[in-house]
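The structure under discussion appears below in the form of structure tokens.
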Amino acid sequence: MKLHIAAVLIATTTVAYADTQELSEDVRELTSDNYRAATVGKLMSFKLGAKCWAKLTRDSRATNLIQMSTRYIVDFAKHVTGDDWSTLEGSGTTEKAKNRERVEATIEAFKKSFSYSISVDGDDCDDDHDPLWLQYHTHALQYFSENPPPAKRGTIKIEVNSKVKKFTASVDKTGTVFKFVGPKEVAPDKWQDQMRTAFVKAAKKK
């Protein structure tokens, strides 16, 4: 009986996600912030294999990195609209509950200005302290926030592919759609410079 109870407790504290929406809900539980959860659920897409999803739990390093990275999107939204989603939500359980619908509607409306997706090929993924696919993820959002396109809108697409050895970065003619393809296992030389340069050049276009 004691072993059974212990097994149940472990299962309830290491719940994994099956898709981006489930990840979004656990970001809400982890941070108590509706705006962070809505940022993940409405503006971001994670395309991962089943074994990779199984490694993302409420206590995982990956989930924590993802919820922290939402601040870059929040900063971009403030640059574009003047709205600070964290301020709009407020603090305290009652205030957050009262403002949740308004916050989520505001973020829903921002879909016309921003979208993000990352895909990791295969069924599994690295979940070490700073896995390469999440380095791509975090740096892309950071560089984008630091170098926002003059058009005040952007789409970021990241493809993590085990078959490629080089990192490639491309930007469309509008300077608002960024695509990055990178190796899955071994970090290529100077990929951060390539990624950052793509955003910097686009930010300088008028």
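Residue numbers (the working numbering): 26 to 231. For each residue, glycine too, the CB sits at the ideal point set by N, CA and C. Quantities reported herein were computed from a predicted structural model and do not represent experimental measurements.
Determine the contact status of residue i and residue j, defining contact as a CB-CB distance below 8 Å.
| i | j | result |
| --- | --- | --- |
| D108 | T131 | yes |
| K177 | E133 | no |
| K209 | D146 | yes |
| C150 | L55 | no |
| K76 | A87 | no |
| H162 | S94 | yes |
Quick one: what does DSSP say residue i is sitting in, helix, strand or coil?
| i | result |
| --- | --- |
| V202 | strand |
| K209 | coil |
| A87 | helix |
| R221 | helix |
| A75 | helix |
| V52 | helix |
| K182 | strand |
| S94 | helix |
| A43 | coil |
| V189 | coil |
| A176 | coil |
Using the C-alpha atoms, what's the distance from residue j back to residue i?
| i | j | result |
| --- | --- | --- |
| K198 | T119 | 46 Å |
| I91 | P175 | 26 Å |
| N186 | M69 | 19 Å |
| A227 | I143 | 20 Å |
| Q167 | K123 | 30 Å |
| P173 | R61 | 20 Å |
| G115 | V196 | 36 Å |
| Q219 | H104 | 24 Å |
| D58 | F224 | 29 Å |
| E171 | Q160 | 16 Å |
| V206 | R125 | 36 Å |
| T64 | I98 | 8 Å |
| R53 | A102 | 19 Å |
| K121 | W78 | 29 Å |
> Can at least three beta-carbon pairs, one atom from the segment 187 to 196 and one from the segment 124 to 144, be found at a separation below 8 Å?
Replying inline: no
>> Below 8 Å, how does it come out for the segment 177 to 187 and the segment 110 to 117: are there three or more Cβ pairs, yes or no?
In response: no
> What runs of the beta strand (DSSP E), each 3 residues or longer, lie entirely inside the segment 96 to 173?
Replying inline: 139 to 145
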